[in-house]
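Shown next, in structure tokens, is the structure this report addresses.
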Amino acid sequence: GEIGAIMNISAKEIVGSSFPHPFTSPMESKLSITTTQLVEVQHLCVQTIFSVLDLLEEWISSLNCENEKSHGESSPSAKFKKAFESLMSGLCPSNLSAVAFSTQSYARAVRYLERYLQQKPLFPQDCWESLQKYYAALDDVDGVEGAIVKMPNPPSLTNAILAHEVKGEFEEVQTCCEKGKKNDPFNLEYVKIHIRCLMNLDQPISASDIAFSSISNNSKWKNDLLPYMIESSWKLSKWDNLDSLLKNEKIGNSETTLNVGIGKLFNFGLNKNEKAFNETLKHLREKEMNPIAAAAMESGAYIRAYSHLVRLHMITDLEYGLRPCFESNDQKDTISLLKDWRHRNSVVQSNLRFQEPMVNLQRIILSTDNDDKTTNLTECAKSWLLSAKIARKHGHLQRAYNCLIEVNNLVENQSVPASLMCHISQEKSKYYCAKGDKENAINYLSKELDSLKKFRNVEEFEVPDGKLALAKLKLLHVTYADHTSKFQTDELIKLYKDVIKFHPEWEESHFSLAKYYDKILVTMNKDEQIAEAMSCVIKTFRNSLKFGAKHVYESIPRMLTVWFDLGSYCVQNTKVSSKRKSSRGINVAPYQTECDAFCKELVDSVGTDIPLYYFMTSFPQLLSRICHPYAKIREALVIILSRLLVEFPKQSFWLMIGTYNNYNQSRQKMCKAVFSEAVKSKKSLANYFENAKKLSGLLISICDHGKKSNAKKKEPDLPSLVRSIKDLLKEETEFLLPFQRFMNVRLPPKLLNDSKEHTPFAELVYIKDIGEKIEIISSLQKPKKITLFGSDGKKYIMMCKPDDDLRKDQRTMEFMNLVNFHLKKDPETRKRQLAIRTYTVVPLNSLCGLVEWVENLAAIRPIIDKLYLQEREKKSGQMKEIFAKLKNGNHNVAAVKQLMRDFEPAVFSKFFLKNFSDPTAWYLARLAYVRSCAVMSIIGYIIGLGDRHLENILINVGTGQLVHVDFNVLFNKGESLQIPEVVPFRLTHNMIDAMGATGYEGSFRITCETTLRVMREKSDAFMSVLKPFVYDPLLESSDQKAKTATKANPPKNAPFECEVISDDALKRVQNIEDRLNGIPKKNDKPAGLPISVSGQVAYLIDEASDPENLAKMYVGWAPFY
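The sequence shown maps to residues 1 to 1121 in UniProt numbering.
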């Protein structure tokens, strides 16, 4: 009836009808069905109505975008629009959000509630509490935190419990429940939450005790608490008690919750009632499919229905785990079952909420099999250990501790593999460390290592698993001792070397020793000590690369940086102390001895002991130091780069061509030497390189076509250039498409034993043809848009960009790829799926290059312009008037402030509402926007990225993710503009408006903090990539380079001009290091001692959103937007 009221009745009848409200009236039905079935039907009906409303809203929105003149007020469309708007005005968004929440459409609930909040000048407390509840249901911890911060009053006890629950702070939950039961002893909800909390802490005995005592005190609660009693019974493997509960309480299938259903399946399986077992399985699956069917009506069905998919996983685990109860013993295949579980566990989202119920259930299923007790004991112990690890990584330390106690009880006085005992000891020590008690962790590890040495056979640690497990335990002990400064330097080095001696073919042990050598390097004073320490650092990093690729993105950049620094000392006459700013004479002999030895060792290792493709990850760093002042290093670099050219010519050529065509004669000369060396090694490459240079020359001609500087020259027209490229492609068919996914190195997986057998570039697509039409984009530089046809049959679009040194963009993209690598490795950033959208940039020379064309991108400026025109009826010429008033550098702070007031309220949030009609898609797009905005805000602040006007910030209209372009204003050069930039990143009122009701609180702030924490933790790796900028003249404009660049103590009688170091560049790179260390600055001077991550983020947000700072920004930056 409700659906018909929307779909089949005319607009007039809708407005005038007296039908029961489809959302606020209870659904009446004369069918004889259970309450549970009625709720399921109601969910589907309400979801259908919501879907119809979405379609109608989308249609009305499209009408608004059309010309009003084409639809008069008397047209059918206009009448229906008025009728629909009248209908919607009668529906309170607050009530809609409550109905959406009751039907598990949580993103829709957030959307409707925020619409309601927009109508309120002051947001009431109850709305914030509802919003917190909705975010909790979405498992959005950051959103919950944001809602709490924005509440005008402290949260109620119920909301405090919810906040603690979603963050895994179960001890606090118990305290709140005890207080709640004391204040309101007849409130069943506090009892339920307390029991659920104990279940989450893996304390089913305590949960069962509370349930029984509560029922004895109030018998009316029996039916409500029965599911918890059943759940605790099967979790404790009390099968007789479970059987009794199920027999005494007749629970039909229609009223069965998942936990009760699991209890039934265990009961039917152990009692060999196959018919009832299969019926219950079928019912439980059908029950989970109803919400999935409702979710399927929206585009984000997978995300919304994921919890139900996990439940289906659990039901499948029960089916296959208990099926042997109906079969003979010889049909059991425990090994296959365990393999299946491990595979499916690996594909489940890395989230405690989803992982732990599955692991816990599998553990209980194993305990029902009494035939293979040894295998089941070991597997149960591993399962408890996995639960402890999952809980610890998610910060649920009380739960982790309970799991570790269970492991202890299980393996006590039992014969288990030595490797398992090592893993248990390792997890316990990590638990102590997570608590902040590293001293206890070290003492515990010391005792465990002694115990293993005394009571375990040596043979147990000779097998690979045992050897690696003990090595990990030993290394953990040394690492904790290092962090707590428990031992002297010599003793720590000895302990690190003992781990290497025990397991010499393990990458982690070598890498950890190299990091320690690097750490103590700054404490050395004498030249002999410094040279020896630097040699130890680079040699140990090199050794780590022989045995794995886990730390390639840290090992190679740092090894190269220290090696280059070592070579620089070989040609210096004086050394400046960084602390005292004084200089002293330097003894170059020890540096030369160590550097010469390592140059030979490295050249011998590359391509033999160390896979050659590892160095493709640091190709730009190698290339940036190609004019190093020390001859031995230059020679080694030529050999290494030439080997890369020989082995990977199709990728290496695109990485080198920009430097090959560089205006700097010395760099060009060294590049030619690399190409010559490569051709000498493999003569067949000569023709390929010649054709590739021709292709790059033609692409340069396309870039430069139509330039004013070429006006007097006779240049070929674009069709002629296209024909020339077509002819060249017929002659040479293997020009690689220079797109990121074909150029980026793919490192070997952990399971691959021999990394030398790995294929680093598995996907190769070559340029087969070029499109006839070249589109000239209407902008100042007039870039050209070309279409390339790949060997895979697909089209690839690139932009030929003239009059722009794209080397900064290229190096910035490489830096951001490294940031993405570390964001994927960190648990907190990986959980939030934080990443920067990067794209390919290929400089062809110093003034032009190719840029990958990313589809579905739109500049934010035109979007906001259009929204203001629609919402405020702003005249299109108003922006020109604004510029006329503030032109010629006559910056007027008061006038900008007035503009900021004129452009209130902000409108950018409406873009998401209009562009993403589906609520789940809207929520995910907005979340992607907030997180990508936060990540790039921090990264941009660290590298001093300026010129962030709204045409340099693009948004993906399909996903909501932000993409930044144009990285010319780097390293805080914005501070030296005619009107200096005074904000660390863009955080204007429109940017905040699009973040939702919580603004920059919650998701934005927390994402900033997690990103900055990773940046600080990996600062050495990031600085190793950024420091080469000092030696590559990218930090200054071309007309300043000759004036300000000074040679870095070059050797006498240098055969050619060596690399130069700009004092300004050194200062700017030092500023990056200061920002990574949390040192705030004012007027380019330190403003105090280093501050915490959260303190630094708070400071940056305040600076970026301060109206006074925004009013000082250039009007073209549009601070009023």
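No residue lacks a Cβ here, since even glycine has one placed at the ideal position from N, Cα and C. For clarity, every value in this text was computed on a predicted model and none was experimentally measured.
Compute the beta-carbon to beta-carbon distance between L475 and E508, rounded to the nearest angstrom, for a pair I have assumed lies under 8 Å. For this step, residue 475 is matched to residue 475 along the sequence shown. For this step, residue 508 is matched to residue 508 along the sequence shown. At roughly 6 Å, the Cβ-Cβ gap stays under 8 Å, so L475 and E508 are in contact.
DSSP has K785 in a bridge; who is on the other side? The residue you call residue 785 lines up with position 785 of the sequence shown. Paired residue(s): E775 and M799.
Starting from F525, trace the beta strand (DSSP E) both ways and give me its first and last residue. As a working note, residue 525 is residue 525 in the sequence shown. Looking at the sequence itself, residue 525 is Asn, so the reference to Phe does not match. From DSSP, N525 is part of no beta strand (DSSP E); its letter is neither H nor E.
Using a Cβ-Cβ cut-off of 6 Å (strictly less than) and excluding sequence neighbours within five positions of I538, which residues of its own chain qualify? The sequence position of residue 538 within the sequence shown is 538, counting from 1. Cβ within range, chain order: M559, V562, W563 and F598.
Express the C-alpha separation of Y517 and L337 in angstroms, rounding to a whole number. Residue numbering aside, residue 337 sits at position 337 when the sequence shown is read from its first letter. Residue numbering aside, residue 517 sits at position 517 when the sequence shown is read from its first letter. Taking the straight line from one Cα to the other gives about 46 Å.
Can you list, in chain order, the residues of its chain whose CB lies under 7 Å from that of E1108, leaving out five sequence neighbours each side? Counted from its first residue, the sequence shown places residue 1108 at position 1108. Closer than 7 Å at the Cβ level, and outside the excluded window around E1108, lies no residue.
Opposite P1080 in the DSSP bridges: which residues? As a working mapping, residue 1080 is identified with position 1080 in the sequence shown. According to DSSP, P1080 bridges with nothing at all.
How far does the beta strand (DSSP E) with G849 in it reach, from first residue to last? Walking along the sequence shown from the start, residue 849 turns up at place 849. Start and end: G849 to E852.
Go ahead and label I860 buried or exposed: buried means 16 or more other beta carbons lie within 10 angstroms of its beta carbon, across all protein chains shown. For the purposes of this step, residue 860 is taken as residue 860 along the sequence shown, with counting starting at 1. Classification of I860: buried, given that the 10 Å Cβ count is 16 or more.
On the DSSP bridge list, what partners appear for Y766? If you number the sequence shown from 1, residue 766 lands on position 766. BP columns for Y766 point to L736.
L698: first and last residue of the uninterrupted alpha helix (DSSP H) it sits in: Residue numbering aside, residue 698 sits at position 698 when the sequence shown is read from its first letter. That run of the alpha helix (DSSP H) goes L685 to D704.
Can you give me the start and stop residues for the beta strand (DSSP E) that I953 sits inside? For the purposes of this step, residue 953 is taken as residue 953 along the sequence shown, with counting starting at 1. Start and end: I953 to N956.
So R304 and T920 are supposed to be a Cβ contact under 8 Å. How far apart are they, rounded? Position 304 of the sequence shown holds residue 304. Position 920 of the sequence shown holds residue 920. Right, the Cβ-Cβ distance comes to about 5 Å (below 8 Å), so this counts as a contact.
So within the region 949-1026, which uninterrupted alpha helix (DSSP H) runs reach at least 4 residues, ignoring any that extend past its ends? 989-993, 1003-1017 and 1019-1026
Around the Cβ of A163, are there at least 16 other Cβ atoms within 10 angstroms (buried) or fewer (exposed)? Indexing the sequence shown from 1 puts residue 163 at position 163. That one is buried.
In the region 153-205, which residue ranges form an unbroken alpha helix (DSSP H) of at least 4 residues, counting only runs that do not cross its ends? 157-166, 170-183 and 188-200
I'd like to know whether the C-beta atoms of A994 and Y923 end up nearer to each other than 8 Å. Walking along the sequence shown from the start, residue 994 turns up at place 994. Walking along the sequence shown from the start, residue 923 turns up at place 923. No, these two residues do not count as a Cβ contact at 8 Å.
Contact check, A147 vs F101, beta carbons under 8 Å: The residue given as residue 147 occupies position 147 in the sequence shown. The residue given as residue 101 occupies position 101 in the sequence shown. No, they are not a contact pair.
Report the rounded CA-to-CA distance for F911 versus R115, giving the unit in angstroms. Within the sequence shown, residue 911 is the residue found at index 911, counting from 1. Within the sequence shown, residue 115 is the residue found at index 115, counting from 1. Going from the Cα of F911 to the Cα of R115 covers about 14 Å.
Flag this pair as yes or no: are the beta carbons of G697 and P843 separated by less than 8 Å? The count along the sequence shown starts at 1 and reaches residue 697 at position 697. The count along the sequence shown starts at 1 and reaches residue 843 at position 843. No. Outside cutoff.
Taking just the CA atoms, how far does M900 sit from H822? Translated into positions along the sequence shown, residue 822 becomes position 822. Translated into positions along the sequence shown, residue 900 becomes position 900. Spanning the two alpha carbons is a distance of roughly 38 Å.
Return helix, strand or coil for P843, following the three-state DSSP convention. By one-based count along the sequence shown, residue 843 stands at place 843. P843 falls in the strand class under three-state DSSP.
Anticipated Cβ contact below 8 Å, R174 with T103, distance rounded: The residue you call residue 174 lines up with position 174 of the sequence shown. The residue you call residue 103 lines up with position 103 of the sequence shown. The amino acid at residue 174 is misidentified as Arg; the sequence shows Gln. Incorrect: roughly 31 Å between the Cβ atoms, too far for contact.
Out of S681, A1065 and G1095, point me to the one whose CA is closest to C1008's CA. Working through the sequence shown from its first residue, we reach residue 1008 at position 1008. The residue with the shortest Cα to Cα distance from C1008 is G1095.
Runs of beta strand (DSSP E) lying entirely within the region 294-343, each at least 3 residues, in chain order: none
Simplified DSSP state of M229, which is helix, strand or coil: As a first step, residue 229 is located in the sequence shown; it is residue number 229 there, counting from the start. In this structure, M229 counts as helix in the three-state DSSP scheme.
Does DSSP put V896 in a helix, a strand or coil? Along the sequence shown, one-based indexing puts residue 896 at 896. Helix, per DSSP.
Status (buried if at least 16 other CB within 10 Å, exposed otherwise) for D317: Position 317 of the sequence shown, counting from 1, holds the residue named residue 317. Classification for D317: buried.
Could you say which of Q426, Q978, R986 and Q529 lies nearest to G940 if we only look at CA atoms? Along the sequence shown, read from residue 1 onward, the residue named residue 940 stands at position 940. Here the closest residue by C-alpha is R986.
Runs of beta strand (DSSP E) wholly within the region 341-403 (minimum 3 residues, chain order): none
Under 8 Å: do the region 429-438 and the region 397-404 share three or more Cβ pairs, one atom per stretch? yes
N-terminal and C-terminal residue of the alpha helix (DSSP H) that A514 is part of: Start at 1 with the first residue of the sequence shown, and residue 514 comes out as number 514. Segment E507 to L521, the alpha helix (DSSP H) holding A514.
Please list, in chain order, all residues of the same chain as R108 whose beta carbon is under 7 Å from its beta carbon, the five residues on each side excluded. Within the sequence shown, the letter at position 108 stands for residue 108. Around R108: F50, A100 and P919.
Under 8 Å between C-beta atoms of I767 and L788: Start at 1 with the first residue of the sequence shown, and residue 767 comes out as number 767. Start at 1 with the first residue of the sequence shown, and residue 788 comes out as number 788. Taking 8 Å as the Cβ cut-off, I767 and L788 qualify as a contacting pair.
Report yes or no: do three or more beta-carbon pairs, one from the region 441-454 and one from the region 424-432, lie closer than 8 Å? yes
For A1118, the three-state DSSP class (helix, strand or coil): By 1-based counting over the sequence shown, the position of residue 1118 is 1118. Looking at A1118 - three-state DSSP - the assignment turns out to be coil, as it is neither helix nor strand.
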